[in-house]
Amino acid sequence: MPGITNNIERILNNQDPSSIVYAPNYWQWFSHHQNHGTLPDEIRHCVSQLDMIRYLGLDVFSRNIYCRQDDYWFGGLCDEQFEGIRVETFSSSEKRNKVTDKIYHVRTGTLTEQRQYVFAESTVVQKKFLITDYNQQSSLLEQFVSSRKWEFSQSRYQIIREMVGESGTVIVGDFYSPLKMLHLLMGPILSVYFLLEQPEFAKTLLDLHETAQLDLVQQVASKGVKAMMAMDNLDTTFHPPDFVERYSASFYEKASTICHEFGAKFFIHACGNQKENLPLIAACGVDGLEGVAFPPLGNVELDEAMRLTPDHFIITGGISAMETRDLTSEKMVFSYVKNLFLKMKPYKNRFVFSASCNTPVDTKWETIKHFRDAWLEYKDC
Numbered sequence: 016m017p018g019i020t021n022n023i024e025r026i027l028n029n030q031d032p033s034s035i036v037y038a039p040n041y042w043q044w045f046s047h048h049q050n051h052g053t054l055p056d057e058i059r060h061c062v063s064q065l066d067m068i069r070y071l072g073l074d075v076f077s078r079n080i081y082c083r084q085d086d087y088w089f090g091g092l093c094d095e096q097f098e099g100i101r102v103e104t105f106s107s108s109e110k111r112n113k114v115t116d117k118i119y120h121v122r123t124g125t126l127t128e129q130r131q132y133v134f135a136e137s138t139v140v141q142k143k144f145l146i147t148d149y150n151q152q153s154s155l156l157e158q159f160v161s162s163r164k165w166e167f168s169q170s171r172y173q174i175i176r177e178m179v180g181e182s183g184t185v186i187v188g189d190f191y192s193p194l195k196m197l198h199l200l201m202g203p204i205l206s207v208y209f210l211l212e213q214p215e216f217a218k219t220l221l222d223l224h225e226t227a228q229l230d231l232v233q234q235v236a237s238k239g240v241k242a243m244m245a246m247d248n249l250d251t252t253f254h255p256p257d258f259v260e261r262y263s264a265s266f267y268e269k270a271s272t273i274c275h276e277f278g279a280k281f282f283i284h285a286c287g288n289q290k291e292n293l294p295l296i297a298a299c300g301v302d303g304l305e306g307v308a309f310p311p312l313g314n315v316e317l318d319e320a321m322r323l324t325p326d327h328f329i330i331t332g333g334i335s336a337m338e339t340r341d342l343t344s345e346k347m348v349f350s351y352v353k354n355l356f357l358k359m360k361p362y363k364n365r366f367v368f369s370a371s372c373n374t375p376v377d378t379k380w381e382t383i384k385h386f387r388d389a390w391l392e393y394k395d396c
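Heads up: the sequence shown is residues 16 to 396, going by the working numbering.
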């Protein structure tokens with residue numbers, strides 16, 4: 016196909032790559048060691064995750080190559096906007112931990128949330144959810160959701176895309192489903208009570224969010240972006256099939272349809288147990304899952320996930336925290352990668368070797384190089 020310049024593009028076009036593709040996620044790992052002054056001497060010259068990936072000679076298929084690691088879990092290319100709501104943001108430092116308070120002044124009151132960047136662990140945690148009592152805050156919640164929209168920054172995307180060049184593909188990962196919206200606003204547990212106790216009100220809010228997000232999908236797809244991702248952490252513990260069908264399937268199906276109209280692909284970030292959701296997700300027209308975890312962190316093997324999904328369905332994964340912790344020698348890593356690649360060889364046109372979710376910050380540099388070297392050894396198997 017004319018215009019295809021790298022193996023990631025071949026996979027996005029459902030063609031066989033020249034070899035198995037390796038596009039790891041070093042976002043948290045690199046930032047952690049950079050911020051703590053513990054980058055190995057070999058890569059001390061690198062100033063970004065992209066530099067590290069290039070140094071190792073790997074591919075880029077990333078939705079966090081542009082994210083601020085101390086600010087949020089995802090996003091960075093789409094700006095959240097409100098009509099009639101004034102937003103104040105305050106940041107402070109507590110023992111090198113960054114605390115961010117956001118106050119939303121709606122027409123009839125205020126909503127506040129707090130996040131903390133934990134420096135020692137290089138991760139962001141939610142200290143206070145925006146909604147803590149959906150009965151008392153119902154009016155404020157409706158004003159918040161109905162006033163919120165997003166705008167895609169094509170200029171920021173273009174800068175990142177040009178930086179990546181022919182090394183791979185930049186994924187716009189600023190999306191999330193209606194169900195995930197509730198998780199982010201009030202937490203998964205309170206979300207369940209809300210959905211069961213106030214189903215009609217909840218549906219109103221879910222529909223408002225879906226409409227706003229689909230508008231964003233349309234914006235992004237119309238600008239020529241070839242890959243988008245909903246950052247849902249699609250684990251059946253929090254996204255059971257009946258909830259997905261009831262609250263998220265409409266968004267997945269419509270977002271996928273919009274993407275396909277513009278020649279783009281729509282993915283969902285997966286984390287944890289996936290087996291029960293796979294047929295439903297594929298039926299929605301979704302093009303793939305990022306980071307499918309296998310036992311014991313998940314409940315489906317990668318080759319089984321391939322058999323449960325259509326021939327065009329792309330799956331990334333293969334390295335979980337278990338492997339980076341337990342495979343302590345070059346021999347063990349090489350054996351693991353060889354066996355995995357033999358299983359995945361029939362599916363190399365829709366498989367991207369990567370982290371199941373992220374590369375843990377305690378992963379040894381030698382282990383990272385062992386995986387790179389094993390990929391070089393067996394990628395043509």
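Virtual Cβ for every residue (Gly too), placed ideally from N, Cα, C. Note that the structure is a prediction, hence the values are computed from the model and not measured.
Please list, in chain order, all residues of the same chain as isoleucine 97 whose beta carbon is under 6 Å from its beta carbon, the five residues on each side excluded.
-> For the sequence presented, residue 97 should be read as phenylalanine rather than isoleucine. Hits under 6 Å: Ser162 and Arg163.
Isoleucine 80 burial status per 10 Å Cβ neighbour count (16 or more: buried) | buried
Glycine 239 beta carbon less than 9 Å from that of serine 271 | no
For isoleucine 35, does the three-state DSSP call read helix, strand or coil?
-> coil
Tell me phenylalanine 368's beta-bridge partners as DSSP assigns them.
-> In DSSP, phenylalanine 368 forms a bridge with Tyr37 and Gly332.
If you follow the beta strand (DSSP E) that alanine 245 is part of, which residue opens it and which one closes it?
-> 242 to 245
At what residues does the alpha helix (DSSP H) containing glutamine 169 begin and finish?
-> 169 to 179
CA nearest to the CA of glutamate 305, picked from Phe277, Pro255, Glu338 and Ala242 = Ala242
Considering tyrosine 267, what are the terminal residues of the alpha helix (DSSP H) in which it resides?
-> 264 to 276
Simplified DSSP assignment, three categories, for leucine 126 = strand
Contact under 9 Å by Cβ, valine 232 with isoleucine 296 | By the CB criterion at 9 Å, valine 232 and isoleucine 296 fall outside the cutoff.
DSSP on histidine 254, reduced to helix/strand/coil?
-> coil
Okay, do the stretch 57 to 73 and the stretch 88 to 96 touch, 3+ Cβ pairs below 8 Å being the bar?
-> no
Counted within 10 angstroms of its Cβ, other Cβ atoms place histidine 60 as buried (16 or more) or exposed | exposed
Going by other Cβ atoms of all chains shown within 10 Å of its Cβ, with 16 needed for buried, is serine 350 buried or exposed?
-> exposed
Cα-Cα separation, lysine 379 to tyrosine 149 = 44 Å
Please confirm whether isoleucine 329 and lysine 280 have their CB atoms less than 9 Å apart.
-> For isoleucine 329 and lysine 280, yes; Cβs fall inside 9 Å.
Buried or exposed by the 16-neighbour rule on C-beta atoms within 10 Å, applied to arginine 111 = Exposed: under 16 other Cβ atoms inside 10 Å.
Do the CB positions of glutamine 43 and threonine 138 come within less than 9 Å of each other?
-> Glutamine 43 is a Cβ neighbour of threonine 138, given a cutoff of 9 Å.
Can at least three beta-carbon pairs, one atom from the stretch 202 to 217 and one from the stretch 44 to 51, be found at a separation below 8 Å?
-> no
Ordered along the chain, which non-local residues of its own chain (more than five positions away) have a Cβ less than 7 Å from that of aspartate 395?
-> Ser34
When Pro294, His385 and Tyr362 are compared against glutamate 338, the one with the closest alpha-carbon = That would be His385, whose Cα lies nearest to the Cα of glutamate 338.
Can you tell which of Tyr208, Val179, Thr219 and Gln151 has the C-alpha that lies nearest to the C-alpha of phenylalanine 76?
-> Val179
Could you pull out every residue in the same chain whose Cβ sits closer than 7 Å to the Cβ of leucine 357, ignoring the five residues on either side in sequence?
-> Cys396
In three-state terms, what does DSSP make of proline 17?
-> Low confidence applies to proline 17: its pLDDT is 42, below 50, so where it sits in the model is not reliable, and the reading given next is rough at best. Note: proline 17 maps to coil in three-state DSSP.
How would you label phenylalanine 190, buried or exposed, when you count the other beta carbons within 10 angstroms and need 16 or more for buried?
-> buried
Does DSSP put glutamate 103 in a helix, in a strand, or in coil?
-> strand
Name the two residues that bound the continuous alpha helix (DSSP H) containing glutamate 381.
-> 380 to 393
Reference phenylalanine 144, options Leu205, Val133, Gln173 and Phe134, closest by Cα = Taking each of Leu205, Val133, Gln173 and Phe134 in turn and checking the Cα distance to phenylalanine 144, the smallest one comes out for Leu205.
Residue span of the beta strand (DSSP E) that contains threonine 184, given as start and end | 183 to 185
Per-residue DSSP class, three states only, for glutamine 131 | strand
With 16 as the cutoff for other CB atoms within 10 Å, does proline 17 come out buried or exposed?
-> Because the pLDDT at proline 17 is just 42, under 50, the model does not fix this residue reliably, and the value given afterwards should be weighed accordingly. Counting Cβ neighbours within 10 Å, proline 17 comes out exposed, since fewer than 16 surround it.
Return the residue from the list Leu391, Arg365, Asn373 and Glu316 that minimises the CA-CA distance to proline 32.
-> The shortest Cα separation from proline 32 among Leu391, Arg365, Asn373 and Glu316 belongs to Arg365.
Taking threonine 147 as the reference, give the member of Phe134, Thr127 and Ser106 with the closest Cα.
-> Thr127
Taking C-alpha atoms, which residue in Asp388, Ala389, Val376 and Glu392 lies nearest to tyrosine 41?
-> Val376
Spatially closest choice to histidine 198 from Asp247, Arg101, Lys363 and Asp302, by CA coordinates | Asp247
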